[in-house]
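K.L.:
Chains as they are written, first to last, in the numbering used here: chain A, 1 to 110; chain B, 1001 to 1118.
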């Protein structure tokens, strides 16, 4: 089983929709997680950090389910500018080595 | 936020030549830098971890003699792809980790270098 698994998508949604992605992880000892956003041909940029049960920042909500070993990212009121690939990332037992999921592609259309 | 730069942003070279990519942390000191590679439609794969003043730690399957890493200062790490071949064509991204004012320790990514070997 891969350390981090994500549905590659693409998720095609209209503007204003609510969309959610899940990410499953295999290392039950993982304590923190990150969601990064990567635009086409650009570097990843940190979107949210998740250290406990969840985190909310504006239209974005990340939740952690330790029992089922998955984290989710919910985007409300989708904007065209939200179109990107969303990477689920975890550091295994520490903060230095990040492990990236393959990413979930989101396409928001008018 | 913290700024990390990479140079060059894009390079095209002939097979057999060597290419050097620079990664700089511009407004903070990076005790650790990381080098990643990303092929089209795939995720980032960590190649090596670079600590200032010591030898880099390479991930399994990454040839240390082919991908030379030098981290001579707290703000600069370089990756040299020696005797590049077409299969080395990829998107190379560095990240820098360090404590910045007002931020907890995290990784900040450079904009990446797109390498095409003909």
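Ideal Cβ positions, reconstructed from N, Cα and C, are used throughout, including at glycine.
Going by C-alpha to C-alpha distance, which of 33/A, 9/A and 58/A sits closest to residue 3/A?
P.N.:
Position 3 of the first chain, counting from 1, holds the residue named residue 3/A. Among 33/A, 9/A and 58/A, the Cα nearest to that of residue 3/A is on 33/A.
K.L.:
Beta-carbon separation of residue 104/A and residue 85/A under 8 Å?
P.N.:
Your numbering for residue 104/A matches position 104 in the first chain. Your numbering for residue 85/A matches position 85 in the first chain. Closer than 8 Å, so yes.
K.L.:
By the 7 Å beta-carbon criterion, what residues does the region 1014 to 1044 of chain B contribute toward chain A?
P.N.:
1032, 1042, 1043 and 1044
K.L.:
At a CB-CB cut-off below 9 Å, which residues of chain A make contact with residue 1008/B?
P.N.:
Against the second chain, residue 1008/B aligns to sequence position 8. Those within 9 Å of residue 1008/B in chain A number zero; the least Cβ separation is about 15 Å.
K.L.:
Do the region 1013 to 1028 of chain B and the region 1038 to 1049 of chain B make contact, defined as three or more Cβ pairs closer than 8 Å?
P.N.:
no
K.L.:
Shortest alpha-carbon distance to residue 108/A belongs to which of 19/A, 55/A and 44/A?
P.N.:
Start at 1 with the first residue of the first chain, and residue 108/A comes out as number 108. Of the listed residues, the one whose Cα sits closest to residue 108/A is 19/A.
K.L.:
When the Cα atoms are used, what is the spatial distance from residue 63/A to residue 1082/B?
P.N.:
Mapped onto the first chain, residue 63/A falls at position 63. Mapped onto the second chain, residue 1082/B falls at position 82. Distance between the alpha carbons of residue 63/A and residue 1082/B is about 43 Å.
K.L.:
Evaluate the contact criterion for the region 1105 to 1115 of chain B versus the region 1062 to 1069 of chain B: three or more CB pairs, one atom per stretch, below 8 Å.
P.N.:
no
K.L.:
Counting only Cβ-Cβ distances shorter than 9 Å, please list the residues of the region 22 to 54 of chain A near chain B, keeping chain order.
P.N.:
Those would be 34, 36, 38, 41, 42, 43, 44, 45, 46 and 49, in chain order.
K.L.:
How should residue 1071/B be labelled, buried or exposed, when 16 other C-beta atoms within 10 angstroms of its C-beta is the threshold for buried?
P.N.:
Indexing the second chain from 1 puts residue 1071/B at position 71. With 16 or more other Cβ atoms within 10 Å, it is buried.
K.L.:
Can you give me the Cβ contacts of residue 46/A inside the same chain, cut-off strictly under 7 Å, excluding the 5 residues immediately before and after it?
P.N.:
Indexing the first chain from 1 puts residue 46/A at position 46. The answer, listed in chain order, is 34 and 36.
K.L.:
Excluding the 5 residues preceding and the 5 following residue 1015/B in the sequence, name in chain order all residues of the same chain whose CB lies nearer than 7 Å to its CB.
P.N.:
In the second chain, counting from the first residue as 1, residue 1015/B sits at position 15. Cβ within range, chain order: 1084, 1085, 1086, 1117 and 1118.
K.L.:
If contact means a Cβ-Cβ distance below 7 Å, which residues of the region 1068 to 1095 of chain B contact chain A?
P.N.:
Contacts with chain A (Cβ-Cβ distance below 7 Å) from the region 1068 to 1095 of chain B involve 1093, listed in chain order.
K.L.:
Ordered along the chain, which non-local residues of its own chain (more than five positions away) have a Cβ less than 6 Å from that of residue 1050/B?
P.N.:
Here residue 1050/B corresponds to residue number 50 of the second chain, with the count starting at 1. Around residue 1050/B: 1033, 1056, 1069, 1071 and 1077.
K.L.:
For residue 69/A, which residues does DSSP report across the bridge?
P.N.:
The residue labelled residue 69/A in the question sits at position 69 within the first chain. Paired residues: none, contrary to the question.
K.L.:
Pick out whichever of 80/A, 99/A, 69/A and 38/A has its Cα sitting closest to the Cα of residue 1111/B.
P.N.:
Within the second chain, residue 1111/B is the residue found at index 111, counting from 1. That would be 38/A, whose Cα lies nearest to the Cα of residue 1111/B.
K.L.:
Using a cut-off of 7 Å between C-beta atoms, extract the partners of residue 1106/B located in chain A.
P.N.:
Translated into the one-based positions of the second chain, residue 1106/B becomes position 106. Under the 7 Å cutoff, chain A gives 46.
K.L.:
List the whole-angstrom C-beta distance separating residue 1093/B from residue 43/A, where the pair is believed to meet the contact cut-off of C-beta under 8 Å.
P.N.:
Working through the second chain from its first residue, we reach residue 1093/B at position 93. Working through the first chain from its first residue, we reach residue 43/A at position 43. Indeed they touch by this definition, with Cβ atoms about 5 Å apart.
K.L.:
Give the DSSP bridge partners of residue 1022/B, in chain order.
P.N.:
Position 22 of the second chain, counted from the start, is the residue given in the question as residue 1022/B. In DSSP, residue 1022/B forms a bridge with 1007/B and 1078/B.
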